[in-house]
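Engineer: Residues in the sequence shown are numbered consecutively from 3, following the numbering used here. Beta carbons: idealized from backbone N, C-alpha and C, even for Gly. Got a structure here, written out as structure tokens. Questions coming.
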Amino acid sequence: MTSRATNRRTVLIASTAALTAGCGSDGGTGTASADPSGTASPAGSALARTSDIPIGGGAVFAREKVVVTQPTAGEFKAFSAVCTHQGCLVNKVADGTIDCPCHGSKYRVADGAVAAGPAPRSLPAQQIIVSGETITLA
Numbered sequence: 003m004t005s006r007a008t009n010r011r012t013v014l015i016a017s018t019a020a021l022t023a024g025c026g027s028d029g030g031t032g033t034a035s036a037d038p039s040g041t042a043s044p045a046g047s048a049l050a051r052t053s054d055i056p057i058g059g060g061a062v063f064a065r066e067k068v069v070v071t072q073p074t075a076g077e078f079k080a081f082s083a084v085c086t087h088q089g090c091l092v093n094k095v096a097d098g099t100i101d102c103p104c105h106g107s108k109y110r111v112a113d114g115a116v117a118a119g120p121a122p123r124s125l126p127a128q129q130i131i132v133s134g135e136t137i138t139l140a
């Protein structure tokens, strides 16, 4: 492989990472973050309290790139906050869906399945631990 091809791959990887990081916006609605310092919470860190997650809704944690939902009382789910369409971050949970601001994709709070396109597939499930009133990243 030539050095030019290697450089091209490095630029592509760096560009993709920058695009993914820069796409999301909290928009001021439905977004929460466990760490205002700008660094992601490590696995095992408290992400939220169960009371922070509305029944039938959820909260987006942009720094951790995770969205936590509560489809029914006491049932908590977590999904990647990275839209499967073009890698933007979802920015809100409203009316039973997890919404991406970039191209209008919507996902169901119950299972992360696509409710409206152009997203080609569901949001991947993420691991959380609910212990008492505390939700942590697994």
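GLN129: buried (16+ other C-beta within 10 angstroms of its C-beta) or exposed?
Structural biologist: For the purposes of this step, residue 129 is taken as the residue at position 127 of the sequence shown. Counting Cβ neighbours within 10 Å, GLN129 comes out exposed, since fewer than 16 surround it.
Engineer: State the DSSP-derived secondary structure class of PRO126, mapped to helix, strand or coil.
Structural biologist: Here residue 126 refers to the residue found at position 124 of the sequence shown. Coil, per DSSP.
Engineer: If distances are taken between C-alpha atoms only, which option among GLN88, ALA112 and ILE137 comes closest to PRO103?
Structural biologist: As a working note, residue 103 is residue 101 in the sequence shown. With distances taken between Cα atoms, PRO103 lies closest to GLN88.
Engineer: Given a threshold of 16 other Cβ atoms within 10 Å of its Cβ, counted over all protein chains shown, does SER47 qualify as buried or as exposed?
Structural biologist: Reading the sequence shown from its first residue, position 45 is the one you call residue 47. SER47 comes out exposed.
Engineer: With DSSP collapsed to three states, give me the class of THR52.
Structural biologist: The sequence position of residue 52 within the sequence shown is 50, counting from 1. If DSSP states are grouped into helix, strand and coil, THR52 belongs with the helices.
Engineer: Report yes if the CB atom of SER53 is closer than 8 Å to the CB atom of GLU135, and no otherwise.
Structural biologist: Counted from its first residue, the sequence shown places residue 53 at position 51. Counted from its first residue, the sequence shown places residue 135 at position 133. Yes; because the gap between Cβ atoms is below 8 Å, this pair is in contact.
Engineer: Helix, strand or coil for THR74 per DSSP?
Structural biologist: Taking the first residue of the sequence shown as 1, we reach residue 74 at position 72. It is a strand residue.
Engineer: Using only alpha-carbon positions, find the residue among ASP101, LYS79, ALA115 and GLY114 that is nearest to ALA140.
Structural biologist: Mapped onto the sequence shown, residue 140 falls at position 138. When only C-alpha atoms are compared, the closest one is LYS79.
Engineer: Kindly indicate which three-state DSSP category GLY60 falls into: helix, strand or coil?
Structural biologist: For the purposes of this step, residue 60 is taken as the residue at position 58 of the sequence shown. Residue state, collapsed to three classes: strand.
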